[in-house]
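Everything below concerns the one structure shown next.
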Amino acid sequence: MVVYRAYTTQLYCELLENWIIPHERSKQMSIAFSALPLSVAVCNKMSSWICEFGGWQYTFYILSMLSVFVAIIWMLFIYEKPDKDPYISNAEREYINSFETLEEKTPIVWFKIFTSSAVWAIVIAYWAFIFILVLLLTESPIFINVILGFDLKTTGLLTSMPGLLQLLVVQTSGICADFIIQRKYLTLVNTRKLFTFLTLGISSLCLICIGVFEEESSGASVVFLTVAFSSLGCYTSSVIPNMMEISKGHSGVIAGIMTSLAGPACFIGPMMLGAFTVDNNKFNQWSLMFNITAGIGLIGMLTFLLFGSAEEQKLSEDENLVKHEMKSYKAIEE
């Protein structure tokens, strides 16, 4: 599963490189990654209905059929490059192609990639993001149902709301990030750092606040969980487009490394929570797990704030790549 995620993410980033123009990266990436919060909002509520009226097994059947349908749509209408897409207009194709793209694969210099502080800043920040995301995505329904005492139907509603809010945050953050960059209110790197703070900083603080307000305030816990999950929507304007900015020719490779190393974050959090709550499933054990998660989020945020970059990292000896990056940054500045 981890290998599959890493491979598909690498292909996905390489595909987006050919379609997204430099000064619209945040906005277009936000649109592309809207599927995550949208699926959370729709599938959580749909699953509660299916379990209530049909049985839990039908949740897998129905969602699997929807996945197959989406895969068919993807294969029919998604093309690698604008030149191969028969559905876009000539004007749009010429506009996208006016921003120089690399026609050939550039040589991969693995030593430079693995010794780049900018690459590791992205990897660590993304690891922290995935750790928080998976924990909230998989365990918050149990917390709301078992610890806070809400029934299954209400739990489905409460876990769908953060997905809807995150969808709004994803779209808004993309528009705001491109606006800040184009108006030169902040530099490109400081914009990415700002949205990394909004992603990891706010979510981490909200997780800490859950323990501060304690078990008696279930409403406050739900609010903090909602804000924590919603703020993660800013990630589409932070580390995700940053991969293209530090080395467009190698963003797919960086994405593959990033998602591969983030694989353990998908199961470490739930395993830790299971160990904490195996004998005593109480609010205090959950609060401890939330505090640990917040600490990981703050470490990821501080790492990117200190070492994150938006300058071309010279991960290749190919002069065409350097010229390509210089032209991309000039397009952003203009």
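Under numbering that gives the first Met the number 0, the first residue of the sequence shown carries the number 0, and numbering increases by one thereafter. Glycine is no exception: its CB is placed at the ideal position from the N, C-alpha and C atoms. Computed from a predicted model, the values in this text were never measured in an experiment.
- Residue ranges of uninterrupted alpha helix (DSSP H) with 4 or more members, entirely inside the stretch 173-208 and ordered along the chain, are 187-195.
- In the structure shown, L287 adopts helical secondary structure according to DSSP, grouped into three states.
- For L231, the closest C-alpha among the options L135, S220 and V41 is that of L135.
- The beta carbon of G268 is closer than 7 Å to those of F130, V133, L134 and T292 in its chain, skipping five residues each way along the sequence.
- In the three-state scheme derived from DSSP, where H, G and I count as helix and E and B as strand, D278 is classed as coil.
- For the pair F128 and G299, the CB atoms are nearer than the 8 Å cut-off.
- For K111, the enclosing alpha helix (DSSP H) stretches over residues W109 to F113.
- At the C-beta level, R191 and G307 come within 8 Å of one another.
- Put simply, the stretch 203-210 does not touch the stretch 73-88. Fewer than three CB pairs are less than 8 Å apart.
- In this structure, the beta-carbon distance from S250 to A176 does not fall below 8 Å.
- The C-beta distance from L167 to V221 rounds to 18 Å, too long to meet the 8 Å contact threshold.
- When the five nearest sequence neighbours on each side are left out, the beta carbons in the same chain lying within less than 7 Å of the beta carbon of V188 are those of G307, S308 and A309, in order along the chain.
- Its chain contains no residue whose beta carbon lies nearer than 6 Å to that of G294 once the 5 sequence neighbours on both sides are disregarded.
- In the DSSP assignment, T258 falls within the alpha helix (DSSP H) that extends over S250 to L260.
- DSSP, reduced to helix, strand and coil, places Y78 outside both helices and strands of the structure shown, so it counts as coil.
- Just so you know, the alpha carbons of S246 and I77 end up roughly 24 Å apart.
- Looking at the backbone, the Cα of L199 and that of R92 are separated by about 37 Å.
- Across the set A261, I256 and L304, the C-alpha of I256 shows the shortest separation from the C-alpha of W109.
- Between Q170 and S38, the CB-CB gap reaches or exceeds 8 Å.
- In the same chain as Y125, and ignoring 5 residues on each side of it, the C-beta atoms closer than 7 Å to its own belong to V238, M257 and A261, in chain order.
- Apart from the 5 residues on each side of it in sequence, C233 sits with its Cβ closer than 7 Å to the Cβ of V168, S172, F194, L197 and T198 in its chain, given in chain order.
- Rounded to whole angstroms, the gap between the alpha carbons of V67 and F212 is 43 Å.
- Between F178 and W285, the C-beta spacing is not below 8 Å.
- In this structure V145 is exposed. Its beta-carbon is surrounded by fewer than 16 other beta-carbon atoms within 10 angstroms.
- Excluding five sequence positions before and after C265, the CB atoms of its chain that fall closer than 7 Å to its own CB belong to I129 and V133, given in chain order.
- Here W119 is buried: its Cβ has 16 or more other Cβ atoms, across all protein chains shown, within 10 Å.
- In the structure shown, the three-state DSSP call for K83 is helix.
- Setting aside the 5 residues that flank it on each side, T158 is surrounded in the same chain by N43, S139, P140 and I143, each with a C-beta closer than 7 Å to its C-beta; the list follows chain order.
- When the five nearest sequence neighbours on each side are left out, the beta carbons in the same chain lying within less than 7 Å of the beta carbon of T225 are those of M160, P161 and L164, in order along the chain.
- Less than 8 Å separates the beta-carbon of F289 from that of I209.
- Pairing V69 with N241, the inter-Cα distance amounts to about 28 Å.
- Non-local beta-carbon contacts of K80 in its own chain, meaning distances under 6 Å to residues more than five positions away in sequence, involve N17 in chain order.
- For W18, the three-state secondary structure derived from DSSP is coil.
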